[in-house]
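Positions in the sequence shown are counted from 1; adding 16 to them yields our numbering.
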Amino acid sequence: MREISHKLAFVHDAHPTRYSDVFDPNNGGVQARVALGDAALLDLAVAAAKKAQPGWAAVNPQRRARVMFNFKSLVEANMNELAHLLSSEHGKVIADSKGDIQRGLEVIEFCCGIPHVLKGEFTQGAGPGIDVYSFRQPIGIGAGITPFNFPAMIPLWMSGVAIATGNAFILKPSERDPSVPVRLAELFLEAGLPEGILQVVQGDKEMVDAILDHPDIKGVSFVGSSDIAHYVYNRGVVAGKRVQAMGGAKNHGIVMPDADLDQVVNDLSGAAFGSAGERCMALPVVVPVGEKTAIALREKLIPAIEALRVGVSTDAEAHYGPVVTAAHKQKIENWIQTGVDEGAELVVDGRGFTLQGHEEGFFVGPTLFDHVTTDMSAYKEEIFGPVLQMVRADSFEEAVSLPSKHQYGNGVALFTRNGHAAREFAARVDVGMVGINVPIPVPVAYHTFGGWKRSAFGDTNQHGMEGVKFWTKVKTVTQRWPDGGASADSAFVIPTMG
Ligand code: NAD
């Protein structure tokens with residue numbers, strides 16, 4: 017059986033003792049196995065990173081940026097191969113895999129401008145003969161722990177900024193689709209990145225714990241489900257690291273009575289069902305405001321959902337492919353049953369969906385619930401599948417309060433033609449990323465990505481200037497160059513610039 021391993025800066029021939037299966041979501045069954053690393057392996061990777069990092073930090077930022085330019089070109093040249101590899105393990109359709117890679121590359125484009133970003137601040141004459149300047153230095157060695165659903169974009173969010181700012185970076189990707197991160201690390205080497213600056217260690221909880229406890233790893237960036245994000249945040253902080261830990265989501269799309277319903281149905285179809293709903297910025301909850309809106313929306317939604325084409329990842333006509341594993345398929349179908357048991361109206365049932373010729377594939381048909389209420393656990397929890405839940409609201413106020421009161425606060429969207437309502441909504445809703453007539457408001461790379469409440473633990477976001485802040489520490493120098501005369505200042509009083 018094909019074996020997927022780590023990408024390390026040294027030869028490691030110790031035989032792995034543990035493996036995890038990598039499935040073929042289109043056909044079911046196991047297609048490869050990935051070696052799971054342990055604390056001893058991590059020690060070696062950290063030692064290699066420690067050796068390489070000072071030299072990389074000393075490379076001037078323009079040269080570091082050149083590696084980013086080269087890497088971007090190499091990824092573009094290998095886009096097809098990467099997208100097919102990604103789809104074969106994740107299950108998303110090829111066009112969507114290309115989007116996954118492209119969104120990661122946009123962070124690399126941001127990193128191409130790192131010399132500008134790292135220029136620092138300077139105050140001439142802050143006091144008599146005194147200048148003050150501040151600049152950012154890398155934290156040293158950083159680590160990233162990433163989820164299965166964006167195996168290119170999320171590793172690039174973290175590794176791009178960490179590396180461009182002069183750190184060494186160790187990536188622990190999801191064991192469910194571990195191949196693309198390894199290919200990306202190979203392409204970074206080809207782009208001119210020195211050995212030891214980016215390494216990939218494969219693993220599960222054992223490796224995550226080793227990362228969190230390792231004294232030489234100074235910062236950990238995590239993206240995954242909320243309970244694990246919370247655990248990672250707590251354990252990492254107790255170990256003295258800076259930690260940012262992004263968690264799960266349950267994003268709402270609010271539909272005002274004046275919205276263009278055809279556009280909404282089109283946007284919702286993609287945002288709720290694209291990538292089989294396995295996106296933290298998917299829109300699994302739709303909230304029509306007022307009875308008339310609900311009736312009209314439902315009427316248009318049902319045929320649109322029934323017309324969705326579920327297919328294998330390589331089917332260019334398919335709207336979405338299989339989910340990642342049989343276990344995840346089962347979990348989604350269990351949630352559908354829970355929704356039924358809790359009293360929601362199951363309008364379109366995606367359970368039991370099979371694709372001819374791919375009967376063992378992990379497919380779930382598109383599912384629509386209506387009359388979902390806020391006390392239902394199927395509403396409160398993240399399902400992470402192709403399931404859209406309609407929660408009816410009587411007023412704008414009620415609609416704003418729904419995402420605001422939800423335990424998750426990643427993304428939200430409002431569909432309206434009313435500028436005042438949009439402005440009020442954006443100001444008042446208790447959610448980190450807001451779309452106005454934009455169903456998936458993932459911010460561009462030079463802004464910053466992060467949710468609120470149980471969607472993120474820690475106080476810095478991913479990429480943009482927040483990412484730069486996370487992966488660097490600021491140093492401030494106050495300097496005076498003596499003119500040869502003796503200083504008359506008393507050394508015993510706190511210095512002021514007065
Ligand atoms: P997951 O939490 O199962 O896994 C994420 C990472 O944690 C993986 O690398 C995994 O190996 C590791 N891990 C798993 N169990 C662990 C444990 N017990 N202890 C320590 N580490 C453990 O998440 P997933 O299923 O791979 O990804 C889907 C989740 O990620 C969803 O909840 C989704 O909303 C979330 N997500 C959030 C964002 C965001 O930015 N907020 C983005 C993408 C995905």
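All C-beta atoms in this analysis are idealised placements derived from N, C-alpha and C, irrespective of residue type, glycine included.
- Nearest to GLU322 by alpha-carbon distance, out of ALA55, ASP410, GLY381, is GLY381.
- In this structure, LEU228 is the residue among LEU228, GLU307, VAL445 with its C-alpha nearest to the C-alpha of ALA55.
- Residue pairing by DSSP puts TYR35 in a beta bridge opposite ALA51.
- By the Cβ test, the region 396 to 404 is not in contact with the region 66 to 75, since fewer than three Cβ pairs between them sit closer than 8 Å.
- Between PRO167 and GLU105, the C-beta spacing is below 9 Å.
- In this structure, LYS188 has its beta carbon less than 8 Å from a heavy atom of the ligand NAD.
- Among the bridge pairs identified by DSSP, TYR247 is matched with none.
- One Cα belongs to ARG367, the other to VAL340, and the distance between them is close to 16 Å.
- As summarised for the region 284 to 322, the continuous alpha helix (DSSP H) elements at least 4 residues long and confined to that stretch are 307 to 322, given in chain order.
- Partner residues in the beta bridge of ALA472, as assigned by DSSP, are MET262.
- Nearest to VAL303 by alpha-carbon distance, out of ARG80, ASP283, ARG325, VAL271, is VAL271.
- GLU358: not part of any beta strand (DSSP E); DSSP gives it neither H nor E.
- LYS257 counts as buried, since no fewer than 16 other beta carbons sit within 10 angstroms of its beta carbon.
- Under the DSSP assignment, ASP116 falls in the alpha helix (DSSP H) whose first and last residues are 110 to 127.
- Burial state of ASN42 is buried, judged by a 10 Å Cβ sphere holding 16 or more other Cβ atoms.
- The beta-carbon distance between ALA64 and LEU98, rounded to whole angstroms, is 25 Å. This is too long to meet the 8 Å contact definition.
- Counting the other CB atoms within 10 Å of its CB gives GLU413 a total below 16, which places it among the exposed residues.
- Listed in chain order, the non-local C-beta contacts of ILE155 below 8 Å within the same chain comprise ASN183, LYS234, GLY235, ARG258, TRP487, THR488, LYS489, local neighbours out to five positions each way being set aside.
- Considered as a whole, the region 416 to 462 harbours 435 to 444 as its complete alpha helix (DSSP H) runs of no fewer than 4 residues, in chain order.
- Of the heavy atoms belonging to the ligand NAD, at least one sits nearer than 8 Å to the Cβ of PRO163.
- In the three-state scheme derived from DSSP, where H, G and I count as helix and E and B as strand, MET223 is classed as helix.
- Residue pairing by DSSP places ASP147 opposite GLN495 in a beta bridge.
- ASP278 is classed as exposed because its beta carbon has fewer than 16 other beta carbons within 10 Å across all chains shown.
- Counting along the chain, ILE130 sits inside no beta strand (DSSP E); it lies in the alpha helix (DSSP H) bounded by residues 130 to 133.
- Excluding its 5 nearest sequence neighbours in each direction, VAL445 has C-beta neighbours in its own chain below 7 Å: VAL416, PRO419, SER420, VAL428, listed in chain order.
- Going by beta carbons, VAL388 and VAL407 fall inside the 9 Å limit.
- A distance below 8 Å between beta-carbons, with the five flanking residues on each side excluded, links GLY136 to the following residues of its chain, in chain order: TYR149, SER150, PHE151, ARG152.
- Distance check between GLY219 and each of ASP232, LYS114, GLY53, GLN495 places GLY53 closest, using alpha-carbon atoms only.
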